[in-house]
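Those sequence lines, one after another, are chains A and B.
For the first sequence, our numbering gives the first residue as 324, with consecutive numbering after it.
For the second sequence, our numbering gives the first residue as 324, with consecutive numbering after it.
The beta-carbon is built from N, C-alpha and C at its ideal position, and this holds for glycine as well.
Take a look at the structure set out below.
Protein chains: 2
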Amino acid sequence: MEYKQIDILTEESCEELHHDEAAVADAETKMPDDDMLFEASDFFKAFSDSSRLKIITALVSRELCVCDLCEIVGQSQSAVSHQLRVLRASRIVKFRREGKQVFYSIDDTHIEEIIRITISHLSEE
Amino acid sequence: MEYKQIDILTEESCEELHHDEAAVADAETKMPDDDMLFEASDFFKAFSDSSRLKIITALVSRELCVCDLCEIVGQSQSAVSHQLRVLRASRIVKFRREGKQVFYSIDDTHIEEIIRITISHLSEE
DNA sequence: TATTTACATGAACAATTTATCATATGTTTA
DNA sequence: TAAACATATGATAAATTGTTCATGTAAATA
């Protein structure tokens, strides 16, 4: 990763000077640090698969057990469990066990707002 | 895709009845149609890579030419162009040509809001 | 008009992601 | 305690994605 940057600077960049040095400097100042960028892109990655998005959307209004989620997304229990694992890792869903069943629900208040804004945005055009 | 669903229903689902049939029916009613789900997940996919997210973040406050974007994200011109292609396809950025340079900018008013909410969400914990 | 500059793109390869299959774990029930 | 049920998970294969390299195109300029 570091080597790549060195390569670019020496071989590929548009000479020594950028076209709008001030804009570049300003953008670099305002840029969130790499940790935040990786965390944020991971967060969005959770929404970037239609099966996961279906799971998230289904959970917005109520908690559901895994079996019902399989029914709703039309996928195997194993596939759904793997996706839930991803969503758990991103702390988008939480779960509680009740006997043999495990109930999942949204672990965050912002999720619904983000989905709502996005859907309304995409519906506009 | 269709065949997969049939397989699941006959081989894998938890018998004939779900655990909470009403909840499943309700979730299925409220579920956006598949076209919307694919479109929305594609939209989020644009944000799911840290290089693309860096490009988007840089463009939020101003338009930038490709060369300056390369400088900011620290990647080759080719890599950045390929990413811009993805962002164009999702209609997240627009561009205008000015002589030899091409200037990119955000093609949507919701983008900043979505990023802002997400960053604030991730900063909370 | 030949060259240079800025950017785009196709092909190939590497890395990552997703689905499937088999199996393991935790809980209830016979 | 054995069997059944609901869910989780590791390994593998298939699909997708991201980067690089080589080359193509449009505009400016020598």
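The three-state secondary structure of residue 443(A), taken from DSSP, is helix. For residue 413(B), the three-state secondary structure derived from DSSP is coil.
For residue 426(B), no alpha helix (DSSP H) segment is defined; the enclosing uninterrupted segment is the beta strand (DSSP E) at 424 to 429. If you look at residue 359(A), you'll find it in the alpha helix (DSSP H) that goes 357 to 370. With respect to chain B, the C-beta atom of residue 403(A) has no partner C-beta closer than 8 Å.
Close to chain B, meaning a Cβ-Cβ distance shorter than 8 Å, are the following residues of the stretch 346 to 364 of chain A: 346, 347, 349, 350, 351, 353, 354, 355, 357, 359, 360, 361, 362, 363, 364. Think of a sphere of 7 Å around the beta carbon of residue 415(B): no beta carbon from chain A falls inside it, the nearest being about 10 Å out. With a threshold of 16 other beta carbon atoms within 10 Å, residue 377(B) meets it and is buried. Cβ-Cβ separation between residue 386(B) and residue 426(B): approximately 5 Å, consistent with a contact (criterion under 8 Å). With a threshold of 8 Å between beta carbons, residue 412(A) makes no contact with chain B. For the 8 Å CB-CB criterion, residue 413(B) and residue 371(A) do not form a contact.
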